[in-house]
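**Q**
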Amino acid sequence: MMSGTYNLIVIGAGPGGHAAAEQAAGRGARVAVIEKNQWGGTCTNKGCIPTKALLACSKQYANLKKLKRLGISPGEISVDFAAMKRHQRQMITTSSLGVQKSLKDAGVDLKAGEGKIIAPREIEWITPQGDAHRLAADTIIIAWGSKPLLPPDIKPSGRIVTSDDVLAMDMLPESIVIVGGSVIGVEFATFLAEMGVNVTLIELLNRIIPNEDEEAADFLRQELTRLGIAIHTSVSMETLRETSNGVHLQATHNTEPLAVDADYALICTGRKPLLYADELDRCGIKYDQGGIIVNEKQMTNIEGIYAIGDVTGGIMLAHRAMQQGRATASYLYGDRSITYKEDMVPSVIYTHPGVARVGLTEKQAAERGLNVKTRKVEYTANIISRTELKGNGFVKAVFCEDRLIGVTIAGDGAGELIASMTLAVANGMGKTELKKWIIPHPTLSEILNFI
Ligand SMILES: Cc1cc2nc3c(=O)[nH]c(=O)nc-3n(C[C@H](O)[C@H](O)[C@H](O)COP(=O)(O)OP(=O)(O)OC[C@H]3O[C@@H](n4cnc5c(N)ncnc54)[C@H](O)[C@@H]3O)c2cc1C
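Just add 3 to the spot in the sequence shown (first one is 1) and you have the working numbering.
1) For Gly317, tell me which candidate among Glu79, Gln292, Lys399 has the shortest Cα-Cα distance.
2) With three or more C-beta pairs closer than 8 Å as the rule, is the region 175-185 touching the region 40-59?
3) Give me the Cα-Cα distance between Ser81 and Leu223, rounded to the nearest whole angstrom.
4) Between which two residues does the alpha helix (DSSP H) holding Pro53 run?
5) So, for Lys289: in the same chain, excluding its five sequence neighbours on each side, which residues have a beta-carbon less than 7 Å away from its beta-carbon?
6) Helix or strand or just coil, what does DSSP make of Ala260?
7) Suppose you measure from the CA of Asp112 to the CA of Ala265; what does that come to, to the nearest Å?
8) Tell me whether Pro18 counts as near ligand 1, meaning its Cβ is closer than 6 Å to at least one heavy atom of that ligand.
9) Quick check: what's the CA-CA separation for Gly184 versus Glu241?
10) With a CB to CB cut of under 6 Å and the five nearest residues on each side skipped, what residues in its chain are close to Val410?
11) Sorry if obvious, but does the Cβ on Trp128 come closer than 6 Å to a heavy atom of ligand 1?
12) Please name the residue or residues paired with Ala135 in a DSSP beta bridge.
13) In whole angstroms, what is the alpha-carbon distance linking Ala324 and Ala35?
14) Decide yes or no for the touch test of the region 336-353 against the region 389-407: beta carbon pairs closer than 8 Å, at least 3 of them.
15) Which full runs of the alpha helix (DSSP H) of 4+ residues lie inside the region 12-38, going along the chain?
16) DSSP has Met87 in a bridge; who is on the other side?
17) Given a threshold of 16 other Cβ atoms within 10 Å of its Cβ, counted over all protein chains shown, does Phe191 qualify as buried or as exposed?
18) Kindly indicate which residue of Leu67, His136, Cys46, Arg389 has the alpha-carbon position closest to the one of Leu170.
19) In terms of residues, what are the limits of the beta strand (DSSP E) holding Asp112?
20) Is the closest heavy atom of ligand 1 to the C-beta of Cys403 under 6 Å?
21) If we require 4 or more residues per run, which alpha helix (DSSP H) segments fall completely within the region 267-350?
22) Can you confirm whether the region 244-254 touches the region 120-134 when touching is taken to mean that 3 or more C-beta pairs between the two stretches lie within less than 8 Å?
Okay, structure coming up:
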């Protein structure tokens with residue numbers, strides 16, 4: 004017997020499911036969200052929020068070393084890792100409670116437990132106590148998210164760990180080898196190195212952060228090396244095994260053997276969509292290893308079933324999942340004014356200093372056959388950057404026929420600076436529009452004046 008009827012049931016309360024449910028309820032739909040783990044999903048509990056809470060601690064700690072230049076002697080500095088972990092837990096709780104509150108305020112029914120798709124309009128909701136209820140919905144949004152992807156021959160263990168495990172650690176190791184030099188790998192490398200851990204980072208490709216501008220990747224490599232991280236690119240891992248007191252990694256680096264011993268190995272080789280094959284197959288929903296297949300409206304091949312966020316593969320970022328969620332709700336219940344465009348998703352790497360991008364890099368533009376002009380300015384040209392000891396950095400803007408089509412920022416504050424550039428690129432602004440922009444003085448944002 005059906006115990007609830009809804010316009011929309013969302014399965015998964017990560018950033019995607021949260022945004023979709025809130026937006027749909029705000030447009031008058033009767034909505035339920037089912038969440039089987041923690042409210043807020045990977046982002047709140049095992050991703051964006053805990054990593055940034057830890058990076059905030061290590062950044063402050065590392066910055067203390069700069070204070071002498073400003074005439075401040077902080078005296079004896081000590082680190083209380085337990086207090087840092089407390090900050091991490093508090094931020095997770097605050098974020099998770101915020102998700103629940105905003106859903107409740109919007110009038111969404113929050114259902115803790117597992118959601119299973121039985122048929123296109125039918126869901127089974129299994130409560131944490133094991134009670135099963137049938138729910139009916141005109142529309143279902145799948146927002147199951149993703150999980151860490153490990154190389155085929157690597158099994159996690161006490162010493163061979165994923166980002167989930169590192170975030171759960173209550174003690175810092177003395178040494179760690181990080182496998183994978185993309186976003187998650189370099190962020191953990193930054194935190195751990197700033198905390199004094201001996202970090203070795205290996206990357207299969209010939210540069211770290213391979214999706215980003217080459218100069219930004221070189222810049223970050225230099226900065227991370229300065230932090231004390233040993234970075235090896237063009238490295239192919241052959242074996243990784245636990246030893247009696249750590250791990251031993253054997254690899255090849257440009258045909259030369261490379262061996263690394265460390266207390267732990269952190270595997271950061273990407274994430275894969277969470278696909279429950281039995282449910283997808285039962286309903287005939289198409290998917291492949293890359294994720295659930297959707298069209299530009301996030302619609303699966305089955306009428307009334309949509310999918311958003313990491314479960315659809317592609318760029319796995321929280322704000323992308325959110326925008327897809329909002330756009331889907333706007334399409335279903337609103338005026339369809341909220342849209343999602345893959346090319347407009349900004350990316351931020353929260354290293355110290357950071358790297359951020361929106362739109363295309365020079366190379367990506369060239370690969371699309373676009374005739375582009377690039378302009379670049381260094382952080383040293385900006386007085387606030389110098390005054391506040393922000394260090395090295397640059398902004399690179401890519402124009403096509405006078406329209407801004409991409410911006411990369413490498414340097415302190417990159418993640419904040421990219422927000423205005425996202426607006427400019429998303430609105431296809433050209434030099435004429437950008438010249439009307441008055442930027443307060445003196446600010447780091449003035450570095451964007453050159454555009
Ligand atoms: C270490 C790390 C750092 C990251 N940092 C950033 C960052 O700084 N910025 C950024 O933009 N992104 C970051 N990400 C990526 C970001 O976390 C994800 O892209 C985002 O969480 C995806 O949102 P989602 O809604 O698609 O899925 P998720 O957040 O994964 O949420 C899916 C939810 O669905 C639930 N669920 C699954 N199956 C069921 C079921 N059958 N029934 C009920 N519930 C179910 C899960 O429990 C989960 O809560 C990071 C990820 C990691 C791992």
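C-beta: ideal position from N, C-alpha, C; glycine also.
**A** Based on what the coordinates show:
1) Out of Glu79, Gln292, Lys399, the CA that lies nearest to the CA of Gly317 is found in Gln292.
2) Taking 8 Å as the limit for Cβ pairs, the verdict is that the region 175-185 does not touch the region 40-59.
3) Annotation: Ser81 to Leu223 spans about 28 Å, alpha carbon to alpha carbon.
4) Under the DSSP assignment, Pro53 falls in the alpha helix (DSSP H) whose first and last residues are 51-66.
5) These residues qualify, in order along the chain: Ile296, Thr303, Asn304.
6) Position check: residue 260 holds Pro in this sequence, whereas Ala was assumed. Pro260 carries a strand assignment under DSSP once its states are collapsed to helix, strand and coil.
7) In a straight line, the C-alpha of Asp112 is about 47 Å away from that of Ala265.
8) Because some heavy atom of ligand 1 lies under 6 Å away, the Cβ of Pro18 counts as near it: yes.
9) Their Cα atoms are separated by approximately 17 Å.
10) Once the five neighbours on either side are set aside, the close Cβ partners of Val410 are Val361, Ala400, Met424.
11) For Trp128, the shortest C-beta to heavy atom distance toward ligand 1 is 6 Å or greater.
12) Per DSSP, the beta-bridge partners of Ala135 are Ile129.
13) Cα to Cα, Ala324 sits roughly 18 Å from Ala35.
14) Proximity of the region 336-353 to the region 389-407 falls short of the contact definition, fewer than three beta-carbon pairs being nearer than 8 Å.
15) Annotation note: the region 12-38 contains the following uninterrupted alpha helix (DSSP H) runs of length 4 or greater, listed N- to C-terminal: 18-29.
16) Under DSSP, Met87 forms no beta bridge with any residue.
17) Classification for Phe191: buried.
18) Checking every option, the nearest Cα to that of Leu170 belongs to Cys46.
19) Membership of Asp112 in the beta strand (DSSP E) is indicated by the continuous run 112-115.
20) No, ligand 1 has no heavy atom inside 6 Å of this Cβ.
21) For the region 267-350, the continuous alpha helix (DSSP H) assignments of 4+ residues that do not extend past its boundaries occur at 280-286, 321-336, in sequence order.
22) In short, these stretches do not touch, since the Cβ pair count stays below three.
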